[in-house]
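Heads up: the structure comes next, in structure tokens.
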Amino acid sequence: MKDVKTEAKLTFMEATSIIVGHGVGAGILSVPYLASRNSWREIIWVIALCYCINLVMHLMIAELSYNNGGAQFIKCIEAELFKGKIKQIVTWIAFAFLGLSVISNVVGFITGGGAVLNAWFGLPSWAAMLIYYAVTALVVLFGMKLVGICEKISVFAMVIVMAVLLVATFVNEHTGFVNKFVAGSNIVALYSMVAFSLSAVMSVPQVVKGLEGDHKRIRSSIALGTGINVGLILLITFMTLFACGAGVTGDGALVDLSRKLGGWVGIVGFIFSLLALSTSFWANTLNLRDIINEQTGWGTKTSYLISSLPCLAIALFGFSNFVGFTRIASVIQVLTGIGIICAYHNSRKKNSDAVICGKFGGLLFQIIVCVSSVLATVGALAKVM
Numbered sequence: 006m007k008d009v010k011t012e013a014k015l016t017f018m019e020a021t022s023i024i025v026g027h028g029v030g031a032g033i034l035s036v037p038y039l040a041s042r043n044s045w046r047e048i049i050w051v052i053a054l055c056y057c058i059n060l061v062m063h064l065m066i067a068e069l070s071y072n073n074g075g076a077q078f079i080k081c082i083e084a085e086l087f088k089g090k091i092k093q094i095v096t097w098i099a100f101a102f103l104g105l106s107v108i109s110n111v112v113g114f115i116t117g118g119g120a121v122l123n124a125w126f127g128l129p130s131w132a133a134m135l136i137y138y139a140v141t142a143l144v145v146l147f148g149m150k151l152v153g154i155c156e157k158i159s160v161f162a163m164v165i166v167m168a169v170l171l172v173a174t175f176v177n178e179h180t181g182f183v184n185k186f187v188a189g190s191n192i193v194a195l196y197s198m199v200a201f202s203l204s205a206v207m208s209v210p211q212v213v214k215g216l217e218g219d220h221k222r223i224r225s226s227i228a229l230g231t232g233i234n235v236g237l238i239l240l241i242t243f244m245t246l247f248a249c250g251a252g253v254t255g256d257g258a259l260v261d262l263s264r265k266l267g268g269w270v271g272i273v274g275f276i277f278s279l280l281a282l283s284t285s286f287w288a289n290t291l292n293l294r295d296i297i298n299e300q301t302g303w304g305t306k307t308s309y310l311i312s313s314l315p316c317l318a319i320a321l322f323g324f325s326n327f328v329g330f331t332r333i334a335s336v337i338q339v340l341t342g343i344g345i346i347c348a349y350h351n352s353r354k355k356n357s358d359a360v361i362c363g364k365f366g367g368l369l370f371q372i373i374v375c376v377s378s379v380l381a382t383v384g385a386l387a388k389v390m
């Protein structure tokens, strides 16, 4: 086992919860609508395929980080991919692009969290975003261990929320399943959304560090975390299609369930939304903090403030073209993901033991992961029929 330095040791469930917390969010609430435009046959094989490919991709990233002492993406790419005189320039360009992508996500979490508090308590939008940021930001400011603990508690709470909704679905009047296959483009769109919902790639290095390079526990933690997210996707999809039938809309699963089961679901939805946004906020800002610290050496607290305060400012001022900015950032994220697989390819050549991936890190699987990333991007732009 290689020497992996960490700021805090995580338990197995804390590490697993970081994977769950990063992946779970608004994406899984959008799956039921896309699922309603496909039959159960397509739903099951798409989710199964996404799980397998995403698991392999996450294990590749874990092994890349493991081979580089638990480093974040940019340091791994710098060590494995860039060479020669332009190494520093290209590294900083990659750093800027990846940073923009993460910042765009975090701005969305702050905006979303503020919107929930605004709808729930009637607070002004700016005050709601400030309160949300102040409370959630404190968790990461205290370090990775507290993030792991809060992620674990939040994941447990989200599972309870889903259980409550499941019981309500069966005891209340329900429509039954009426979903059916409509068009091939819907399959690609569904694939994209499920792949997005299962993605926790930025948090994988945290698992590698938190579990101190124990490759068996790293592999199990990633597999279980991704599996829990699959379970949540299947659960929310089943409940929404079963309760709402043909009434499933693009407004989101919790909105549809609230219309069908009663207004109290809206309160449950607020709780779930806050938990999902917060777990993603913690994971993303923790990752960006470490990326900045690795590149600059400014320390974790300074790096965290530099990574999160601009996100708050952007959310408060609310740029009108932010949607376009987010779409550009998502493309950047896909390109960065392909770059990471290329870096893993080089790393595997130097570390043929492949203790995390084994044979599933071979060239064929690397190509499959890259093709999947491109397909997910195409699916995000596909027209839903």
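The opening residue of the sequence shown carries number 6 in our numbering; numbering runs sequentially from there. Beta carbons are placed, not taken as given, at the ideal position from N, Cα and C, and that holds for glycine. Computed from a predicted model, the values in this text were never measured in an experiment.
- Residue 251 sits away from residue 174, with the two beta carbons spaced by 8 angstroms or more.
- In this model, residue 13 and residue 359 are separated by some 25 angstroms (Cα to Cα).
- Straight-line spacing of the CA atoms in residue 375 and residue 268 works out to 43 angstroms.
- In the DSSP assignment, residue 27 falls within the unbroken alpha helix (DSSP H) covering 17-28.
- Going by beta carbons, residue 352 and residue 59 fall outside the 8 angstroms limit.
- The distance from the Cβ of residue 196 to that of residue 380 is about 6 angstroms, consistent with a contact at the 8 angstroms cut-off.
- DSSP, read as helix, strand or coil, puts residue 68 in helix.
- The criterion of a C-beta distance shorter than 8 angstroms is satisfied by residue 317 and residue 115.
- For the pair of segments examined, the stretch 80-92 was found not to touch the stretch 237-244: the number of CB pairs separated by less than 8 angstroms stays below three.
- Here the alpha carbons of residue 194 and residue 39 stand approximately 7 angstroms from one another.
- Membership of residue 222 in the alpha helix (DSSP H) is indicated by the continuous run 220-249.
- Residue 55 and residue 234 have their C-alpha atoms roughly 11 angstroms apart.
- Only residues of its own chain outside the window of five on either side were considered, and among them 195, 198, 199, 202, 238, 241, 242, 258 have a CB closer than 8 angstroms to the CB of residue 36, listed in chain order.
- Take residue 171, set aside five residues on each side of it, and the residues of its chain with a beta-carbon closer than 7 angstroms to its own are 240, 244, in chain order.
- In terms of Cβ geometry, residue 208 and residue 288 form a close pair [threshold 8 angstroms].
- CA-to-CA, the gap between residue 189 and residue 49 works out to about 15 angstroms.
- Taking a cut-off of 8 angstroms on C-beta distances, the stretch 104-111 touches the stretch 278-296, as three or more cross pairs fall below it.
- Non-local beta-carbon contacts of residue 146 in its own chain, meaning distances under 7 angstroms to residues more than five positions away in sequence, involve 306, 309 in chain order.
- The three-state secondary structure of residue 63, taken from DSSP, is helix.
- Assignment of residue 123 by DSSP, reduced to helix, strand and coil, places it in the helix class.
- Sequence-distant Cβ neighbours of residue 70 in its own chain, meaning closer than 7 angstroms and more than five residues away, are 76, 81, 209, 210, 213.
- Close CB contacts of residue 74 within its chain, under the 6 angstroms cut and outside five residues either way in sequence, are with 9 (chain order).
- Every alpha helix (DSSP H) of 4 residues or more that sits fully in the stretch 113-196 is shown, in chain order, as 130-146, 149-176.
- Secondary structure at residue 47: helix, using DSSP grouped into helix, strand and coil.
- Straight through space, the alpha carbons of residue 273 and residue 166 are spaced by roughly 7 angstroms.
- At the C-beta level, residue 285 and residue 30 come within 8 angstroms of one another.
- Collapsing the DSSP output to three states places residue 42 in coil.
- Secondary structure at residue 361: coil, using DSSP grouped into helix, strand and coil.
- Judged by DSSP in its simplified three-state form, residue 11 adopts coil rather than helix or strand.
- Taking residue 373 as reference, the option from 342, 101, 355, 354 with the minimal CA-CA separation is 342.
- Excluding five sequence positions before and after residue 387, the CB atoms of its chain that fall closer than 6 angstroms to its own CB belong to 190, 193, 194, given in chain order.
- Here residue 93 is exposed, its C-beta having fewer than 16 other C-beta atoms within 10 Å.
- Annotated three-state conformation of residue 313 is helix, per DSSP.
- Judged by DSSP secondary structure, residue 87 falls outside any alpha helix (DSSP H); it is assigned neither H nor E.
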